[in-house]
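One structure is given here, and the rest of the page talks about it.
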Amino acid sequence: MKSNINRALIFQGGGSLGAYEAGVYNAIKESLLEVFKSEGRENDTLFHIISGTSIGSINAAILVSYVIENKTWEGSGERLVEFWEYLSTRSWVDNIPNFVGYWDSWRKMNSRVASGESARRYFSTKQFIFNGVPKVFVPKRPISDDRFFDPSNTWYTYDNKPLKDSLEKFAKFPISTSYERGEPRLLLVAVDVQEGSPVIFDSYEKEDGTRKSEYGRYGRLKYPGSEKNAENEGFEHVIRYNDGITSDFVLASCSVPVNYDYTKINVETRPLIFGGQDDAIAVEAGSKPTAKNNTSSLHSFWDGGLLANTPLRQTIVSHREYWYRVKKLESGIPTLRYGIINLHPAKQEYLPTDYDGVVDRKNDIIYHDRTLFDENIAILLSDFAAFAESLIKLAEKNGVSDEELKRVYAEKTRGIHLATGKKLSYEDLLKARVDVDFVVRLERKNDSHTISNKTFDFSETTIRQLIQDGYKEAKEQMKEVVQRIQSELR
Numbered sequence: 501m502k503s504n505i506n507r508a509l510i511f512q513g514g515g516s517l518g519a520y521e522a523g524v525y526n527a528i529k530e531s532l533l534e535v536f537k538s539e540g541r542e543n544d545t546l547f548h549i550i551s552g553t554s555i556g557s558i559n560a561a562i563l564v565s566y567v568i569e570n571k572t573w574e575g576s577g578e579r580l581v582e583f584w585e586y587l588s589t590r591s592w593v594d595n596i597p598n599f600v601g602y603w604d605s606w607r608k609m610n611s612r613v614a615s616g617e618s619a620r621r622y623f624s625t626k627q628f629i630f631n632g633v634p635k636v637f638v639p640k641r642p643i644s645d646d647r648f649f650d651p652s653n654t655w656y657t658y659d660n661k662p663l664k665d666s667l668e669k670f671a672k673f674p675i676s677t678s679y680e681r682g683e684p685r686l687l688l689v690a691v692d693v694q695e696g697s698p699v700i701f702d703s704y705e706k707e708d709g710t711r712k713s714e715y716g717r718y719g720r721l722k723y724p725g726s727e728k729n730a731e732n733e734g735f736e737h738v739i740r741y742n743d744g745i746t747s748d749f750v751l752a753s754c755s756v757p758v759n760y761d762y763t764k765i766n767v768e769t770r771p772l773i774f775g776g777q778d779d780a781i782a783v784e785a786g787s788k789p790t791a792k793n794n795t796s797s798l799h800s801f802w803d804g805g806l807l808a809n810t811p812l813r814q815t816i817v818s819h820r821e822y823w824y825r826v827k828k829l830e831s832g833i834p835t836l837r838y839g840i841i842n843l844h845p846a847k848q849e850y851l852p853t854d855y856d857g858v859v860d861r862k863n864d865i866i867y868h869d870r871t872l873f874d875e876n877i878a879i880l881l882s883d884f885a886a887f888a889e890s891l892i893k894l895a896e897k898n899g900v901s902d903e904e905l906k907r908v909y910a911e912k913t914r915g916i917h918l919a920t921g922k923k924l925s926y927e928d929l930l931k932a933r934v935d936v937d938f939v940v941r942l943e944r945k946n947d948s949h950t951i952s953n954k955t956f957d958f959s960e961t962t963i964r965q966l967i968q969d970g971y972k973e974a975k976e977q978m979k980e981v982v983q984r985i986q987s988e989l990r
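So for the sequence shown, my numbering puts the first residue at 501; every next one is plus one.
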C-alpha cells in the first residue's frame, strides 16, 4: 500500500438522511479495518480528514470527538448509530396498527394513490413539521407579516437548541486535533450570510500555531508606512478559536435558511488596502499590525449546503494549505484519497408526475454531489504540473540556462489562488502539487416510496431503515474498493 496517502471522508448535508451516512460509515470502517488488520496495519489512521456540511458536520464532529477521546476508531461507528437512534422519534402514524396495509388497500382500487410506506413517511413528516422532533427542533412562535399584512406570509421557524443539546451529549467540545498525535482533522463548512462566502472551520493549527478561519477579500493590511511584503497581507475577516471547534460552529453549518434563525459568531475584521485605494478604517501612519487596529462584531451564518453541500473543493484546498504552509512542503505532499457519501441521487429512472414527486426531484438535483468538475480540475492541474516538470528537466538537459528558466517561473498567470485570492506565478503552479487518487462515491438511491420532505423524517422506522440501507448498500460497493486496495498490496 502507498504510504504517502491521506484518506478523507466527506459527509453531505441532508437532514434525517444523515442516518444513512451512519450506516455507510460502519460499512466503510469494517471493510477498511479488515484490510488493515490482514496486513498487520491495524494501528493505521482510518481517515486523516473528515469533512462535513450541515448534518454531515454533525456526523463528522461526533466521529472525530470519539476518536480523540478514546484513541481508537473501534466503536466509533456504533457511537454514531447510537446518536441517530437517540434522535429518532416514534410518529403517530407508526402507532396505528397495520397503517401501511390499510393504506395499500386503497391503492389496489386506484393506482394513483401513494404506497402505504410512502404515506407513512408523508404523514410522519407532516407531524414533525408542525410539532417538531423533541431532540432535534421545536416550533417557535410564528412571526406575523407586518410589511404586507398578508396572513399567508406568516413566517414559521424552529428552535434548533434541542439539536445542539443532543450533539453535546455525544461529542465533547471544543475539538482540536493534531497530525503529530495521529488525530483526524475536522473540516466543517458554513456560509457567512452577508458576505455570501463559504467559511471553513478547521481543527488543525495554522502556520502561526493558532486555530482560526480566514475568509473574505485578500489584500495588504492597511498600515500606512509599512513595507509591502507578505507579512502585511491577509484576509479581511478572521474567526479565532485557539481551543478548538465549538458546538456553535457545527450549528452554524446546520442552520438551514428560513427554517432556523442565523447562528451568530464573533468575527474580527481587519482594515485592508486594495489596489492602492482605501477600502477600510483609517489607521495612523506608521502603526504596527496589532489586534487593536481591528474591529470585532457578530456575523450571521447559514447552512454550508447553500454553497458547498459536498465540500470537496474545501477539503482539497485545506489539505494543500496545511502541508504547504504549515509543514513547509513544496513537493511530496501526501496524495489525497477520499470517499464521498452522496445522499441525493443525481439520476432517477422515472419522471415524477405529481406535485410531491416533482418537489422531491428538484431537491435532489439542487443538493446532489456536483464535485466531478472539481475532481477533474484537481487532476488536470496535477497532470499539467507533472508535464511542466518533465519539460523543465528536458530543458535543463538540453542546456537551457537557469536565468531563462527563472524568467519563465516569475511570469504571472491570469488566474488567482483559490485559497488567498493572490496572483500566481508559473513557479507557484508547480509548488505543493496535490495528487488526487482513487476516489470512491457511495451513492444512496431513492426507493419507490420517496417523498419531498424526506429530510424531515426522523421517525424511528425510517431512521432504522436508513441506517440499514446505508450499511447494506455501502458494504456492496466497498467490495470493489477493497479489491483495488488489495491489488496495490500485491
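Even for Gly, the Cβ is constructed at its ideal location relative to N, Cα and C.
Q.
Going by DSSP in three states, residue 811 sits in which element: helix, strand or coil?
A. By one-based count along the sequence shown, residue 811 stands at place 311. Residue 811: coil per DSSP, three-state reduction.
Q) From this set, 620, 567 and 898, which residue's C-alpha is nearest residue 960's C-alpha? A) In the sequence shown, residue 960 corresponds to position 460, counting from 1. Of 620, 567 and 898, the residue nearest in Cα terms is 620.
Q | Proximity to residue 885 [Cα-Cα], best of 915, 922 and 927 | A | Residue 885 sits at position 385 when you count from the first residue of the sequence shown. Checked all of 915, 922 and 927; the closest Cα to residue 885 is 927.
**Q.** Delimiting residues of the alpha helix (DSSP H) encompassing residue 923
**A.** On the sequence shown, position 423 is the one that residue 923 refers to. Premise fails: residue 923 lies in the beta strand (DSSP E), 923 to 925, not in any alpha helix (DSSP H).
(Q) So within the region 689 to 776, which uninterrupted alpha helix (DSSP H) runs reach at least 4 residues, ignoring any that extend past its ends? (A) 747 to 753
Q. In whole angstroms, what separates the C-alpha of residue 716 from that of residue 552?
A. One-based indexing of the sequence shown puts residue 716 at position 216. One-based indexing of the sequence shown puts residue 552 at position 52. Rounded to the nearest angstrom, the two C-alpha atoms are 21 Å apart.
Q) Between the C-alpha atoms of residue 565 and residue 526, what's the straight-line distance to the nearest angstrom? A) Within the sequence shown, residue 565 is the residue found at index 65, counting from 1. Within the sequence shown, residue 526 is the residue found at index 26, counting from 1. Taking the straight line joining both Cα atoms gives about 16 Å.
Q) Around the C-beta of residue 858, are 16 or more other C-beta atoms found within 10 angstroms, so that it is buried, or is it exposed? A) Your numbering for residue 858 matches position 358 in the sequence shown. So residue 858 counts as exposed.
Q. So, are the CB atoms of residue 658 and residue 639 less than 7 Å apart?
A. Within the sequence shown, the letter at position 158 stands for residue 658. Within the sequence shown, the letter at position 139 stands for residue 639. Yes, the pair counts as a contact, with Cβ atoms nearer than the cut-off.
**Q.** Neighbourhood of residue 710 by C-beta distance below 8 Å, restricted to the same chain and skipping five residues each side
**A.** Here the question's residue 710 lines up with position 210 in the sequence shown. Around residue 710: 740 and 742.
Q: Flag this pair as yes or no: are the beta carbons of residue 816 and residue 745 separated by less than 7 Å?
A: For the purposes of this step, residue 816 is taken as residue 316 along the sequence shown, with counting starting at 1. For the purposes of this step, residue 745 is taken as residue 245 along the sequence shown, with counting starting at 1. The answer is no: Cβ separation not under 7 Å.
Q. To the nearest angstrom, how far is it from the Cα of residue 736 to the Cα of residue 760?
A. What you label residue 736 is simply residue 236 of the sequence shown in a count that begins at 1. What you label residue 760 is simply residue 260 of the sequence shown in a count that begins at 1. Going from the Cα of residue 736 to the Cα of residue 760 covers about 27 Å.
Q) Looking at C-beta atoms only, is the number of pairs between the region 899 to 910 and the region 869 to 883 that lie closer than 8 Å three or more? A) no
Q: Excluding the 5 residues preceding and the 5 following residue 617 in the sequence, name in chain order all residues of the same chain whose CB lies nearer than 7 Å to its CB.
A: Residue numbering aside, residue 617 sits at position 117 when the sequence shown is read from its first letter. 600 and 949.
(Q) Quick test of the definition: if touching needs 3 or more C-beta pairs under 8 Å, does the region 834 to 844 touch the region 805 to 819? (A) yes
Q. If you check the beta carbons only, do residue 835 and residue 947 fall under 7 Å apart?
A. Start at 1 with the first residue of the sequence shown, and residue 835 comes out as number 335. Start at 1 with the first residue of the sequence shown, and residue 947 comes out as number 447. In this structure, residue 947 does not lie closer than 7 Å to residue 835 by Cβ.
Q: State the beta-bridge partners of residue 551 as determined by DSSP.
A: Within the sequence shown, residue 551 is the residue found at index 51, counting from 1. Note: residue 551 sits in a beta bridge opposite 510 and 687.
Q: Please say whether residue 801 and residue 763 have beta carbons closer to each other than 7 Å?
A: Residue mapping note: residue 763 aligns to position 263 of the sequence shown, counting from 1. Residue mapping note: residue 801 aligns to position 301 of the sequence shown, counting from 1. Going by C-beta atoms, residue 763 is nearer than 7 Å to residue 801.
Q: Inspect the beta-carbon positions of residue 958 and residue 587 and report whether they are closer than 7 Å.
A: On the sequence shown, position 458 is the one that residue 958 refers to. On the sequence shown, position 87 is the one that residue 587 refers to. Cβ distance < 7 Å, so residue 958 and residue 587 count as in contact.
Q: Sort 508, 749, 771 and 615 by Cα distance to residue 721 and report the nearest one.
A: Locating residue 721 in the sequence shown gives position 221, where the first residue counts as 1. When each option's Cα is compared against that of residue 721, the closest is 771.
(Q) For residue 831 and residue 876, what's the separation of their Cα atoms in angstroms? (A) Here the question's residue 831 lines up with position 331 in the sequence shown. Here the question's residue 876 lines up with position 376 in the sequence shown. Distance between the alpha carbons of residue 831 and residue 876 is about 21 Å.
Q. Where does residue 639 sit, in a helix, a strand or coil, going by DSSP?
A. Here residue 639 is taken as the residue at index 139 of the sequence shown, counted from 1. In the structure shown, residue 639 sits in a strand (DSSP, three-state: E or B).
Q. Would you call the region 652 to 668 and the region 751 to 758 touching, i.e. three or more CB-CB distances under 8 Å?
A. yes
Q: Pick out whichever of 904, 925, 916 and 917 has its Cα sitting closest to the Cα of residue 910.
A: Stepping through the sequence shown from its first residue, residue 910 is reached at position 410. For the residues 904, 925, 916 and 917, the minimum Cα distance to residue 910 belongs to 925.
Q. Using 8 Å as the threshold, is the region 539 to 549 in touch with the region 589 to 609, meaning 3 or more CB pairs across them?
A. no
Q) Does DSSP put residue 589 in a helix, in a strand, or in coil? A) Counting from one through the sequence shown, the residue named residue 589 turns up at place 89. The answer is strand: DSSP assigns residue 589 an E or B state.
Q: Can you grab the Cα-Cα spacing for the pair residue 838 / residue 624, in whole Å?
A: Along the sequence shown, one-based indexing puts residue 838 at 338. Along the sequence shown, one-based indexing puts residue 624 at 124. For residue 838 and residue 624, the distance between alpha carbons rounds to 35 Å.
Q: On the DSSP bridge assignment, give the partners of residue 837 in chain order.
A: Position 337 of the sequence shown, counted from the first residue, corresponds to residue 837. For residue 837, which the question treats as bridged, DSSP gives the partners 507.
Q | Nearest candidate by alpha-carbon position, reference residue 804, set 644, 967, 818 and 556 | A | On the sequence shown, residue 804 is found 304 positions in, with the first residue counted as 1. Of the listed residues, the one whose Cα sits closest to residue 804 is 556.
Q. Per DSSP, what kind of secondary structure is residue 470 in: helix, strand or coil?
A. There is no way to answer for residue 470, as the model of the chain reaches only from 501 to 990.
Q) Got a sec, what are the start and stop residues for the alpha helix (DSSP H) residue 624 sits in? A) Here the question's residue 624 lines up with position 124 in the sequence shown. Its alpha helix (DSSP H) spans residues 616 to 631.
(Q) Considering only the alpha carbon of each residue, which of 868, 966, 890 and 894 lies closest to residue 941? (A) Here the question's residue 941 lines up with position 441 in the sequence shown. Checking every option, the nearest Cα to that of residue 941 belongs to 868.
Q: Figure out for me which residue from 983, 978, 753 and 827 has the closest Cα to the Cα of residue 513.
A: Residue mapping note: residue 513 aligns to position 13 of the sequence shown, counting from 1. Of the candidates 983, 978, 753 and 827, the one whose C-alpha sits nearest the C-alpha of residue 513 is 753.
Q | Nearest-angstrom Cα separation, counted from residue 719 out to residue 790 | A | Stepping through the sequence shown from its first residue, residue 790 is reached at position 290. Stepping through the sequence shown from its first residue, residue 719 is reached at position 219. Residue confidence is low: residue 790 scores 48 on pLDDT, short of 50, so the model does not pin down where it sits. Its coordinate-derived value is still stated next. The straight-line gap from Cα to Cα measures roughly 16 Å.
Q | Alpha carbon of residue 932 to alpha carbon of residue 826, nearest angstrom | A | Start at 1 with the first residue of the sequence shown, and residue 932 comes out as number 432. Start at 1 with the first residue of the sequence shown, and residue 826 comes out as number 326. Whole-angstrom Cα-Cα distance: 12 Å.
Q. Which stretch, first to last residue, makes up the alpha helix (DSSP H) that contains residue 943?
A. Numbered from 1 along the sequence shown, position 443 holds the residue referred to as residue 943. Counting along the chain, residue 943 falls outside any alpha helix (DSSP H), though it belongs to the beta strand (DSSP E) covering 940 to 943.
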